[in-house]
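S.K.: Just dropping this structure here.
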Amino acid sequence: MTSHWTHNIGPAQIVPMPQSAADDFLVGQTAPMLRLKRLLAAVAPSDAPVLIMGPVGAGKDRVAQALHQMSQRKGAFVCVDCAALNEATLETDLFGHNTTAGLIETAMDGTLFLDNVTALSDAAQTRLARVLDTRSLRRTGSNLSITVNFRLVSATCADLASLGLRADFFHRIATFPLTVPALSARLQDLPALVADILAELGRSHPALDAPHFDASAIQALAAHSWTGNLRELHNIVLRAFLMFSGQTITARDLREALLMSAPAPLQTADDTAIAQAQHTCESLPEGGDMDLRCYLRDIEVGLIETALERSNGSVSKAADTLRLGRTTLIEKMRKYGIERDIPAAA
3 MTSHWTHNIG PAQIVPMPQS AADDFLVGQT APMLRLKRLL AAVAPSDAPV LIMGPVGAGK
63 DRVAQALHQM SQRKGAFVCV DCAALNEATL ETDLFGHNTT AGLIETAMDG TLFLDNVTAL
123 SDAAQTRLAR VLDTRSLRRT GSNLSITVNF RLVSATCADL ASLGLRADFF HRIATFPLTV
183 PALSARLQDL PALVADILAE LGRSHPALDA PHFDASAIQA LAAHSWTGNL RELHNIVLRA
243 FLMFSGQTIT ARDLREALLM SAPAPLQTAD DTAIAQAQHT CESLPEGGDM DLRCYLRDIE
303 VGLIETALER SNGSVSKAAD TLRLGRTTLI EKMRKYGIER DIPAAA
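Going by the numbering used here, the first residue of the sequence shown is number 3, and it counts up by one from there.
If you want it as structure tokens, here you go:
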């Protein structure tokens, strides 16, 4: 990458941190977490842009906060959910307007965390890439160039193959990629995670006594599917804290009162498409043919329409469901003439 990221910090000033430094911020001693902590300790003292990847609810925001706390930056940690920004005012929110500072300037000398970074429009990606190159910006409607100094950390739940970002922008934000494991990949961390959440809830609910999860309860948690990852675990422990204050929680308590079944995933649509494809191939007469491109197009259109319907027309949510970048989904909708009966900013 360009030298703009490290010109204020010479090699002799970047002091590597021990892996244990991350223990103050992240819970877990399983192999995936130890690897994450090792990489976090290595990159934290530098100014290298970091891209955090991982499933929904896995704790990417917590990793970003840990990265900021472990860095040498004294400014603020500014978290921006790109999917929640109004598309019409997105660039003004980020880059400011005339006499009003934007979120980038708010993160001066600190860390700018762009969650759901794939929701950024092409125009915003191009403009931000220029800021990262020049370390300066011009507010919307202004010709004044403002020098900026911030560390960029981005996050996405999409995998690399389906990010849908501009190539020039991607290579600027992904200098150092980090992967946050799903909870299902670190089940041995469950006892420590539950204890950490209970301690946190105890500080915020001092009038209540923390419940105790017995061995059968921990086993029941380990057998759960965890589609919601740490966010789902936090919700379960919170319900337990409020419903069973000071009591011992068993596997039966979990099954009857605490564990909730996940909503039906979109995979049913995938399964339907596969079944339809198999049926089509089986019914194809010998010597007959089929336009595969048209057939695949129809399947893609059907999946996009289903995702939009299930997300009540939210393009951002539909894109997450389909593991596409928001911009990529919008381009496909335009290509296929798919419309939505909601305001354009949704």
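Glycine residues also receive a C-beta, built at the ideal position from the N, C-alpha and C atoms.
Because the structure is a prediction, the values reported are computed rather than measured.
Below 8 angstroms, can you find three or more Cβ-Cβ pairs linking the stretch 250-263 to the stretch 79-91?
M.R.: The stretch 250-263 is not in contact with the stretch 79-91.
S.K.: Reducing DSSP to helix, strand and coil, say where VAL133 ends up.
M.R.: Taking the sequence shown and counting its residues from 1, the one referred to as residue 133 is at position 131. Looking at VAL133 - three-state DSSP - the assignment turns out to be helix.
S.K.: Within a Cβ cutoff of 6 angstroms, which residues of the same chain sit near THR94, ignoring the five residues on either side of it in sequence?
M.R.: As a position in the sequence shown, residue 94 is number 92, starting the count at 1. The answer, listed in chain order, is THR142.
S.K.: Within the continuous beta strand (DSSP E) that includes ARG153, where are the two ends?
M.R.: For the purposes of this step, residue 153 is taken as the residue at position 151 of the sequence shown. 153-158 is the extent of the beta strand (DSSP E) around ARG153.
S.K.: Let's see if you can read the secondary structure: which residues bound the beta strand (DSSP E) around SER179?
M.R.: Taking the sequence shown and counting its residues from 1, the one referred to as residue 179 is at position 177. Position check: residue 179 holds Pro in this sequence, whereas Ser was assumed. Counting along the chain, the beta strand (DSSP E) containing PRO179 begins and ends at 178-181.
S.K.: Taking the alpha carbon of ASP135 as the point to measure from, which residue in ILE175, THR113, ALA197 and ILE301 has its own alpha carbon closest?
M.R.: On the sequence shown, position 133 is the one that residue 135 refers to. Of ILE175, THR113, ALA197 and ILE301, the residue nearest in Cα terms is ILE175.
S.K.: Can we say the stretch 147-162 touches the stretch 49-59, given the rule of at least three CB pairs closer than 8 angstroms?
M.R.: Yes, the stretch 147-162 is in contact with the stretch 49-59.
S.K.: Going by DSSP, what residues sit across from HIS99 in a beta bridge?
M.R.: Here residue 99 corresponds to residue number 97 of the sequence shown, with the count starting at 1. Answer is THR102 and THR142.
S.K.: Give me the residue from LEU326, LYS334, VAL317 and PHE178 with the minimum Cα distance to ALA86.
M.R.: For the purposes of this step, residue 86 is taken as residue 84 along the sequence shown, with counting starting at 1. Closest by alpha carbon: VAL317.
S.K.: Have a look at ARG153 and LEU203 and give me their C-alpha separation to the nearest angstrom.
M.R.: Numbered from 1 along the sequence shown, position 151 holds the residue referred to as residue 153. Numbered from 1 along the sequence shown, position 201 holds the residue referred to as residue 203. When rounded, the distance between both Cα atoms is 31 angstroms.
S.K.: Please report the straight-line C-alpha distance between ALA190 and MET335, rounded to a whole angstrom.
M.R.: Counted from its first residue, the sequence shown places residue 190 at position 188. Counted from its first residue, the sequence shown places residue 335 at position 333. The residue asked about is misnamed: residue 190 is Gln in this sequence, not Ala. Going by the C-alpha atoms only, they are around 42 angstroms apart.
S.K.: Exposed or buried, what is LYS337 when buried is set at 16 or more other beta-carbons lying within 10 Å of its beta-carbon?
M.R.: What you label residue 337 is simply residue 335 of the sequence shown in a count that begins at 1. Exposed: under 16 other Cβ atoms inside 10 Å.
S.K.: Rounded to whole angstroms, what is the Cα-Cα separation between ASN314 and ASP124?
M.R.: On the sequence shown, position 312 is the one that residue 314 refers to. On the sequence shown, position 122 is the one that residue 124 refers to. Taking the straight line from one Cα to the other gives about 24 angstroms.
S.K.: Note the first and the last residue of the continuous beta strand (DSSP E) segment covering VAL52.
M.R.: The sequence position of residue 52 within the sequence shown is 50, counting from 1. First-last of the beta strand (DSSP E) with VAL52: 52-55.
S.K.: Mark ALA24 as exposed unless 16 or more other C-beta atoms lie within 10 angstroms of its C-beta, in which case mark it buried.
M.R.: If you number the sequence shown from 1, residue 24 lands on position 22. Result: buried.
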